[in-house]
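To keep things clear, I will list the structure first and then write my remarks on it.
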Amino acid sequence: MENTSSPIISIKNLRKNYGEKQVLKGVNLDIYPGQVIGYIGPNGAGKSTTVKILTGLISDYEGEVLMYDQNIQNDILSIKAQIGYVPENAEIYEVLTPLEYLDFVGKLYGMEEDKIAERAMKLLKAFGIDSNADQRMDTFSKGMRQKVLLISGIIHNPKIIILDEPLSGLDANAVIMVKELISLLAKEGKTIFYCSHMMDVVEKVSDRILLINQGEIIADGSFEELKAGGDQTLERIFAKLTGKEDGNQEANDVLSALN
Amino acid sequence: MINKYIINFVLLFKSIYKKFGVNPEHLRIILSTKMKMDDRRPNVYSQQKQKKQKQVNNSSWLTMFFLCLTGLFFTFILGAIKTPYVGHTIYFSAFMVMLAITLISDFTNVLIDVRDNYIILPRPVSEATFTVSRILHIGIHTSKMALAISLSGMIFSFWQGPISGLMFLLEVLIATVLSIFLVNIIYLIVLKLTSPQRFKDFISYFQIIFSVSIFAAYYTLPRLINASMLENFDIKDIKILAIVPSMWIAALHELAVNFKTADTLTFIYSIVAILSPIISLWLVVKVLAPGFNQKLSSISASGDDSNIISSEGKGSSRGYMNAVAKLVAPKPIENAGFKITWLLSSRYRDFKVKVYPAFAYVPVYFLYFGFMQKKGSIADNWEGMKEGNMYILLVYLTSFVLTTVLQHVSMTERYKASWIYYSTPLRHPGEVLAGMYKAVIVKFYLPYFLIISTFSIVIWGPKVINDLILAFMVGVMYGVLVALFQVKGFPFSQPINLKKGGKMFVSFIIIAVPLGLGFLHHWAAKWEWAISIAAVIMTGAAWLMFSYYRKESWESLEMAD
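Chains A and B are the protein sequences, given in the same order. Using our numbering, the first residue of the first sequence is number -13, and each one after it goes up by one. Using our numbering, the first residue of the second sequence is number 95, and each one after it goes up by one.
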């Protein structure tokens, strides 16, 4: 993929081991402003490890990660200030109310209390949970918690947004809204790094898809470019490239086990 | 509001924090949020309250209130025993144990809160701010606890004189630092000996020990304190106490109030008391903390299964379970109920924490009712007990274990997995319940009863065997009664705080049954033939009632809901 501007994120020969196991085997990647990156791969492929490195949660790796041409290790705090992160495991301080939680998160980003309150209420309203703003989250459904988590990832208006399975537990209307939101954020110049197993969503929202398998990027391009191989859905492309093309055979194996 | 003042006080030293690279504003928001969460976090003391009121707002203050009461109880020791050496050694031993176990059982989850990794660490918060916030959070919490325990002791000491009061303040400070050191050492030893997952198990066992210790202390300490032996001996004669920190602290008080008569050993102990917190602080900061943080991060990395213990269900223990299940519950549905109860009761921590203390309560109750209440020496009471038929009290007390297991076997925080019972074509839910009941008897009641029986036979001789058989059958019959009226749910299928209103009368009857039958047994014990006949009748009654329980229908379960 050609891009004339300089990359906002640049990953060079990124390697990471957990004991004997090599999780990332030399990942190289340039990500440009305004791109929506769909980052997909089978379980254990190295997606979460990449995300944790980008968000500064893992620092003992080999290789180099640059953001705005700066090695993230040099000033990780100013890098974190520009990232919005929605983790896969929806961890939240559930004894707090959404307003209390967002106030906490907003202040960690250095926002003013009034600004946080104003923006939090607007975002809670946009996500349809403003009437629950003062209720403790321990009574919330999974979808409601996920909405608070999403809001906490964008409340400081970050330039880079890293979403790890952000649609988990959301109802159909909320999924439509988040998909639309991703497109709008990208149009505003935000860079979005989107990890998911939901191929149909990745196919629709991403303008560039990265497929990682066994610690290596094995496909990189727009959906149209990946489709040029002959397969018409991202699901099929994914299955083919990860060596699980013959899902039919596996399904038959399951069926024969029942008989 | 008070939290705000505490944070303002802590932030008076912000220029020092800044030198360590701490962001004071981040520190303020992290501390205030964490303290707000502490107040809302259900803990050991607020669990009873939580049953009535779902949301807790003041749990740390509630903890402080209970610690104040406990501290008051310790202060009676200070008042009752006139020599500072003895009184303060006992007082500060109790203080340090209380503080250490409160920290371990109540605060460990805060210390190893894995959510911080996802909520705080991805934000622009420096490592120094995060570390200092954690240290200060623990420090504030510990200080609140220490203040609560020592409040009454402090008032008492100041009432005795300003020197005594001021010295007591210093002693509390030393004891607090040493308690933190003790907790740190315990954590490190456990982490060294076990995996991160087993660490969480350890905390559960500690909570169990905590409950039992409080219970045992409540029943037995007043009796021990009255013993005149404590008044008239020189504690320094017990050489082993030289390594006990509370002894050093007591020496400090002795030195303060009886300076002129103090001997060389008292001086040496006092110097050790002053030096020990300084050395232990140095050890914590320089030697223990770095390794500790590394270990903590490995706990975080190992994922959260905060409620699961994976100690059973593997290899030989599973083979044993399968064999027993096949033997006592051969029908498939009953077998399923038996196995799921057996396995989950080994793996759900919330169940273990609630049920296991009951096993220790029985001997404590027995000692209390058996001879703690009676006048005369403990040895005389023991001899007298061997003459009578106190074993009947002991074996009937085991029904307490059975009741406790049954009352908790249908409850867990992870009750949502029970959808499986409702989605499978289960015609007679009683079959699952029958399997569950058999598992409770075979896994919990029978082994415990056998231990108690062995003890009884050793003490009172084989003549008690027919009494034991009768008591066991009464237990089994009584268990079915409890199950019929109080266990209206599948194994581990209901939330813990599920309200079961309007059953006061049933609960009363259920308590009265073993009590009444126990008295009857006690009265009839002299006629051996009567006991044997009663055992046969009770076996028949237990069987009939169990057969009835096995037929529990969906309607009766739904009515209970």
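Where a beta carbon is used, it is the ideal one built from N, C-alpha and C, also for glycine.
C-alpha distance - residue i paired with residue j, whole-angstrom precision
i	j	result
B:Leu564	B:Ser587	33 Å
B:Phe107	B:Leu230	12 Å
A:Gly49	A:Lys(-2)	6 Å
B:Gly555	B:Val422	30 Å
B:Phe363	B:Thr196	Correcting the residue type first, residue 363 of chain B is Tyr in the shown sequence and not Phe. Using only the alpha carbons, I get a separation of about 27 Å.
A:Ala225	B:Trp637	59 Å
B:Phe453	B:Val495	6 Å
A:Leu63	B:Pro216	9 Å
B:Ile198	B:Ile280	9 Å
B:Ile303	A:Lys11	48 Å
B:Lys491	B:Asn560	Residue 491 of chain B is actually Leu in this sequence, not Lys. Computed Cα separation, rounded: 17 Å.
B:Met158	B:Ser307	18 Å
B:Leu375	B:Leu272	8 Å
B:Tyr642	A:Leu109	58 Å
A:Leu246	A:Asn238	Within the shown structure, residues of chain A are numbered from -13 to 245, placing residue 246 of chain A beyond reach of any answer.
B:Tyr485	B:Ile124	57 Å
B:Val648	B:Ser298	Checking the sequence, you will find Trp at residue 648 of chain B rather than Val. Roughly 35 Å separates the two Cα atoms.
B:Val581	A:Asn75	35 Å
A:Tyr250	A:Asn60	As displayed, chain A neither begins before -13 nor continues past 245, which places residue 250 of chain A out of reach and without an answer.
B:Pro519	A:Gly155	29 Å
A:Arg131	A:Ile26	24 Å
B:Ile175	B:Tyr455	29 Å
B:Leu611	B:Leu578	18 Å
A:Ala112	A:Leu94	23 Å
B:Leu287	B:Leu527	39 Å
B:Lys146	B:Glu119	With a pLDDT of only 44 at B:Lys146, under the threshold of 50, the placement of this residue in the model should not be trusted; the figure read from the coordinates follows. Each residue's Cα considered, the two are about 37 Å apart.
A:Tyr180	A:Ile147	8 Å
B:Tyr212	A:Tyr54	24 Å
B:Ile553	B:Ile546	11 Å
B:Pro256	B:Leu241	18 Å
A:Thr228	A:Asn29	11 Å
Sequence-distant residues of the same chain with beta carbon closer than 6 Å to residue i, five excluded per side
i	result
B:Ser251	Ser258, Gly259 and Phe262
B:Phe640	Val574
A:Leu206	The amino acid at residue 206 of chain A is misidentified as Leu; the sequence shows Asp. Excluding residues within five positions, the ones whose Cβ falls inside 6 Å are Leu196.
B:Ala419	Asn429, Phe432 and Lys433
B:Gln141	Note on B:Gln141: pLDDT 49, under 50, position unreliable in the model; no value is reported.
B:Ser512	Phe584 and Ser587
B:Val219	His120
B:Ala188	Phe168
Contact set for residue i: own chain, Cβ-Cβ below 7 Å, skip 5 residues either direction
i	result
A:Pro(-7)	Asp16, Ile17 and Tyr18
B:Ala344	Pro178, Tyr179, His182, Thr183 and Phe186
A:Pro152	Val72, Leu136 and Val164
A:Asp157	Gly129
B:Val366	Trp342
A:Leu88	Ile102, Ala106, Ile137, Ser138 and Ile141
A:Val134	Ile78, Pro84, Tyr87 and Met123
Residue i CB to nearest heavy atom of the ligand PLP below 8 Å
i	result
B:Gly612	Among the ligands in the structure shown, none appear at all, so the ligand PLP cannot be discussed.
8 Å contact criterion, which residue i and residue j should meet: CB distance rounded
i	j	result
B:Gln301	B:Val458	17 Å between Cβ atoms; not a contact.
A:Thr35	A:Lys2	5 Å
A:Ile198	A:Gly32	5 Å
A:Gly20	A:Ser192	In fact, because the Cβ distance is near 13 Å, the residues do not count as touching under 8 Å.
B:Glu348	B:Thr360	5 Å
Own chain, CB closer than 8 Å to residue i, minus 5 neighbours either side, in chain order
i	result
B:Ala624	Ala618
A:Ile162	none
B:Ile551	Val558, Ile559 and Leu562
A:Ser169	Val22 and Val191
Fill in: At least 3 beta-carbon pairs within less than 8 Å: the region 201 to 212 of chain A vs the region 233 to 240 of chain A
no
Practice prompt. Please confirm if the region 101 to 111 of chain A is in contact with the region 115 to 128 of chain B, defined as three or more CB-CB distances below 8 Å between the two stretches.
Written response: The answer is no - the region 115 to 128 of chain B does not touch the region 101 to 111 of chain A, with fewer than three Cβ pairs under 8 Å.
Practice prompt. Enumerate, from N- to C-terminal direction, the unbroken alpha helix (DSSP H) stretches of 4 or more residues contained entirely within the region 103 to 134 of chain B.
Written response: The region 103 to 134 of chain B contains these whole alpha helix (DSSP H) runs: 108 to 113 and 118 to 134.
Discussion item. Please give the ranges of any alpha helix (DSSP H) in the region 419 to 479 of chain B, keeping only runs that are unbroken, at least 4 residues long and fully inside the region.
Written reply: You should have 426 to 441 and 443 to 461.
Fill in: Segments of 3+ residues assigned as beta strand (DSSP E) that fall wholly inside the region 480 to 506 of chain B
none
Worksheet item: Fully enclosed by the region 107 to 183 of chain A, which beta strand (DSSP E) runs are 3 residues long or longer?
Response: 146 to 150 and 177 to 181
Worksheet item: Which residue spans inside the region 23 to 101 of chain A form an unbroken beta strand (DSSP E) run of at least 3?
Response: 48 to 53 and 69 to 72
Worksheet item: Which ranges does the alpha helix (DSSP H) cover as unbroken runs of at least 4 residues, wholly within the region 238 to 293 of chain B, from first to last along the chain?
Response: 256 to 287
Fill in: contact_flag[the region 628 to 637 of chain B, the region 498 to 508 of chain B] where n(CB pairs < 8 Å) is 3 or more
no
Item to complete: Spell out a yes or no on whether the region 75 to 88 of chain A and the region 36 to 48 of chain A are touching, meaning 3 or more CB-CB pairs, one atom from each, closer than 8 Å.
Response: no
Fill in: Complete alpha helix (DSSP H) runs within the region 149 to 227 of chain B (minimum length 4 residues, chain order)
153 to 174, 178 to 205 and 209 to 213
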